[in-house]
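I have placed the structure first, in the form of structure tokens, so that the comments after it can refer back to it.
Encoded structure:
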């Protein structure tokens, strides 16, 4: 998931950016969302601090505030999220020189000179960030990808997964994550074969992530996860789980 932030002091420009981004990620079925669109840099920084997702920031350079500008805001964002993507939106392309002065790496610059050009650049930046993020994630951490009923693909790091359980809807599974809840078409037997050694089928209806187990109550046959959610533990699975956890600590 990529969270998108917009900081633009011109309301008309801000709404244009928002509508273009919303329409494009919906059309391309990308695992992205606009979380914040504002003219207040402090709101952007606060939102960034409370997010665990990768961020894509569209920042106006001239924010018409005496305290900061887009470059200074980008510096502070980098302190919070060093690996984020930053796009500067400006009426003055010559200001791009200052990225070196402020030591801020920019994904791109979008110039407010032509609506069609702006639209194309917005789309290019979104795809560029999405591809870079996906490529980086796949090469550095394990990723689980689910295909939703509308065809949209959702990618989640294994570390963010709490558990999978069968849904009341036939042939569907409920995904429980640290920050999201999803339902997608799949069968637990098939999913179990696709997951790696960090996942354990603790019950006929449940697969848990061993990395996120907080406590196991063997007496009451309950597994308690890091978010305090509780899942059933089959009696015949207790011995297998003990062995699995012992081996898991050595991985």
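Residue numbers (the numbering used here): 694 to 944.
Even glycine gets a Cβ: it sits at the ideal position worked out from N, Cα and C.
Task: Close Cβ partners of residue 749 (< 6 Å) along its chain, the five nearest in sequence each way excluded - done: 695, 697, 778 and 822
Task: Alpha-carbon spacing of residue 709 relative to residue 872, whole angstroms - done: 29 Å
- [ ] Using beta-carbon positions only, say whether residue 882 and residue 891 come within less than 8 Å of one another.
- [x] no
Open item on the list: Checking the sheet assignment: what are the DSSP bridge partners for residue 896?
Closed with: 899
Task: Identity of the residue in 775, 812, 770 and 807 nearest residue 785 by Cα - done: 807
- [ ] Just list the beta strand (DSSP E) runs in the region 728-787, keeping only unbroken ones of 3 residues or longer that don't cross its boundaries, in chain order.
- [x] 747-753 and 778-783
Task: Nonlocal neighbours in the same chain, by C-beta distance under 8 Å from residue 884, ignoring five residues either side - done: 857, 866 and 900
Open item on the list: Suppose the cutoff is 7 Å on Cβ atoms and the five residues either side in sequence are ignored; what does the same chain contact list for residue 841 look like?
Closed with: 847 and 877
Task: is_contact[residue 725, chain C] using C-beta, thresh 8 Å - done: Structure shown: chain C not included; a single protein chain is present.
Open item on the list: Quick check on this structure: which residue in 904, 751, 915 and 919 has the alpha carbon closest to the alpha carbon of residue 939?
Closed with: 904
TODO: Pull up the distance between the alpha-carbon of residue 927 and that of residue 895, whole angstroms please.
DONE: 6 Å
- [ ] List the endpoints of the continuous alpha helix (DSSP H) containing residue 719.
- [x] 704-721
Open item on the list: Considering Cα atoms alone, identify which of 769, 760 and 713 is closest to residue 738.
Closed with: 769
Task: Length of the line joining the Cα atoms of residue 933 and residue 853 - done: 24 Å
Open item on the list: Would residue 699 and residue 751 be called neighbours here (beta carbons separated by less than 8 Å)?
Closed with: yes
TODO: On the DSSP bridge assignment, give the partners of residue 869 in chain order.
DONE: 856 and 874
- [ ] Return the chain-ordered list of same chain residues with a C-beta closer than 6 Å to the C-beta of residue 801, the five sequence neighbours on each side being excluded.
- [x] 780 and 818
TODO: Measure the C-alpha to C-alpha separation of residue 838 and residue 757 and round it to an integer number of angstroms.
DONE: 42 Å
Task: residue 860 versus 742, 763, 875 and 917, residue with shortest Cα-Cα distance - done: 875
Open item on the list: Using only the alpha-carbon positions, how far apart do residue 833 and residue 868 sit?
Closed with: Annotation note: pLDDT 48 at residue 833 (below 50); position unreliable, no value reported.
- [ ] Alpha carbon to alpha carbon, how far is residue 843 from residue 703? Give it in angstroms, no decimals.
- [x] 35 Å
Open item on the list: Distance check for residue 863 and residue 907, CA to CA, integer angstroms please.
Closed with: 30 Å
Task: Coarse secondary structure for residue 701, derived from DSSP in three states - done: coil
- [ ] Measure the alpha-carbon distance for residue 745 versus residue 783 and round it to whole angstroms.
- [x] 28 Å
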